[in-house]
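Enquirer: My questions will all concern the structure given below.
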Amino acid sequence: MCDIYGGYADIKEQLLSKLRHPYFINYIEEPFIDEEKIMLLYAALKNAKLHKEQIDHYVLTIMLVQIALDTHEKVSNKENEETSGFHKRRQLTVLAGDYYSGLYYYLLSMNCDIVLIRALAEGIKAINEHKIMLYQKAYQTVDQVMESVLTIESALLHKTCDHFHLSHWKPLIAYMLGSNRLQTEYQLHAERKNAPVFQAVQATLSNDDDRNAETVFKEWLGEMSKQEKTFLQSHKEIGDVVSTLKDKLKT
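Numbering (our numbering), first residue to last: 1 to 251.
As structure tokens, this is what we get:
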């Protein structure tokens with residue numbers, strides 16, 4: 001199991017080196033790197049029996065497009081921030097997202113992997129559609145909100161799993177990443193910060209529903225935890241790999 005973590009740590013360092021643009025780092029905050037997404041991508045592709053160089057290549061490229069999407073989402077729409085410094089940071093954040101996207105396309109084009117590019121493009125389209133729904137609160141039921149959360153968090157990894165015939169990994173990816181997003185949103189709400197998922201649930205609950213958004217979140221988190229545990233018990237090999245990497249992430 002040691003080489004599992006060594007490979008993961010090496011990929012993370014390669015990713016960090018590509019993200020350290022000397023100009024951007026002086027003006028905008030460092031891009032958020034979702035370590036659990038790296039972990040799940042690495043573990044799944046390792047399961048696909050790919051060579052180390054291939055695993056490194058695919059994890060780097062897919063995480064770059066994920067970071068590009070996350071960076072574009074950071075662009076603030078606050079109307080009360082009108083300083084020239086704010087506008088410069090906003091423009092640079094957009095450019096940083098475009099820069100990461102460009103790196104992604106460049107790296108994938110080196111392998112001429114047109115089929116994977118097409119699959120990931122479908123994932124990007126689905127993510128952006130559900131982000132629009134989320135910010136417009138365009139839902140009839142809270143279950144539809146949850147569908148958006150799972151799509152936004154899991155679509156790129158699910159498309160990757162489909163491409164490499166790793167469909168058995170998809171439920172775990174959905175449970176873990178969905179749960180992470182819900183926990184983040186719950187914390188943001190508790191700190192009175194912008195929490196779009198929490199706000200969408202609040203807006204969707206009908207007046208005659210005796211639940212509130214906090215109750216819905218607790219129900220969802222409990223169900224995801226239960227489903228994740230059941231999955232790992234029935235997929236011991238996957239469970240061992242994920243457990244090893246999770247333990248290392250905590251240290």
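Each residue gets a CB set at the ideal place from its N, CA and C atoms; glycine is no exception.
Nearest CA to the CA of Leu-69: which residue from Ile-114, Lys-125, Tyr-8?
Expert: Of the candidates Ile-114, Lys-125, Tyr-8, the one whose C-alpha sits nearest the C-alpha of Leu-69 is Lys-125.
Enquirer: Whose C-alpha, out of His-57, Gln-140, Asn-180, Val-145, is nearest the C-alpha of Leu-116?
Expert: Per the Cα distances, His-57.
Enquirer: Do Ala-195 and Leu-205 have their beta-carbon atoms positioned less than 8 Å apart in this structure?
Expert: Taking 8 Å as the Cβ cut-off, Leu-205 and Ala-195 do not qualify as a contacting pair.
Enquirer: Do you know how far the Cα of Thr-141 is from the Cα of Phe-217?
Expert: Taking the straight line joining both Cα atoms gives about 14 Å.
Enquirer: Ala-174 and Leu-150: beta carbons closer than 8 Å?
Expert: Yes, the pair counts as a contact, with Cβ atoms nearer than the cut-off.
Enquirer: When we look at the beta-carbon of His-154 and count the other beta-carbons within 10 Å, is it buried (16 or more) or exposed?
Expert: Reading the sequence as shown, one finds Ser at residue 154 and not His. Ser-154 is buried by the Cβ-count criterion.
Enquirer: What would DSSP say about His-165, mapped onto helix, strand or coil?
Expert: Looking at His-165 - three-state DSSP - the assignment turns out to be coil, as it is neither helix nor strand.
Enquirer: Once the 5 residues before and after Leu-157 are set aside, which same chain residues still bring their CB inside 7 Å of it?
Expert: Taken in chain order, the residues that qualify are Lys-37, Leu-40, Leu-41, Ile-173.
Enquirer: What would DSSP say about Gln-227, mapped onto helix, strand or coil?
Expert: Three-state result, Gln-227: helix.
Enquirer: Quick one: residues in its chain with C-beta nearer than 7 Å to the C-beta of Met-176, no 5 flanking neighbours on either side, listed in chain order?
Expert: Once the five neighbours on either side are set aside, the close Cβ partners of Met-176 are Glu-36, Leu-40, Glu-228.
Enquirer: Here's the rule: buried if 16 or more other CB atoms are within 10 angstroms of the residue's CB, otherwise exposed. What is Lys-159?
Expert: Buried, since its Cβ has 16 or more Cβ neighbours within 10 Å.
Enquirer: Kindly give me the distance between the Cβ atoms of Val-145 and Val-201, rounded to whole angstroms, as I take these residues to be in contact under 8 Å.
Expert: That belief holds up - the Cβ atoms of Val-145 and Val-201 are roughly 5 Å apart, short of 8 Å.
Enquirer: So what does DSSP say about Thr-141, is it helix, strand or coil?
Expert: Thr-141 falls in the coil class under three-state DSSP.
Enquirer: Whole angstroms is fine: what's the gap from Ile-127's alpha carbon to Gly-6's?
Expert: Answer to the nearest angstrom: the Cα atoms are 31 Å apart.
Enquirer: Starting from Asn-128, trace the alpha helix (DSSP H) both ways and give me its first and last residue.
Expert: From DSSP, the alpha helix (DSSP H) with Asn-128 extends over 114-136.
Enquirer: For Thr-184, I'd like the list of residues in its chain whose CB is within less than 6 Å of its CB, leaving aside the five on either flank, ordered along the chain.
Expert: Answer for Thr-184: no residue qualifies.
Enquirer: Can you give the Cα-Cα distance for Leu-64 and Thr-71, rounded to whole angstroms?
Expert: Cα to Cα, the separation comes out at about 10 Å.
Enquirer: Do the CB positions of Ala-43 and Cys-161 come within less than 8 Å of each other?
Expert: Cβ distance not < 8 Å, so Ala-43 and Cys-161 don't count as in contact.
Enquirer: Grab me the residues of Lys-137's own chain with a C-beta within less than 6 Å of its C-beta, minus the 5 sequence neighbours each way, in chain order.
Expert: Ala-200, Ala-203.
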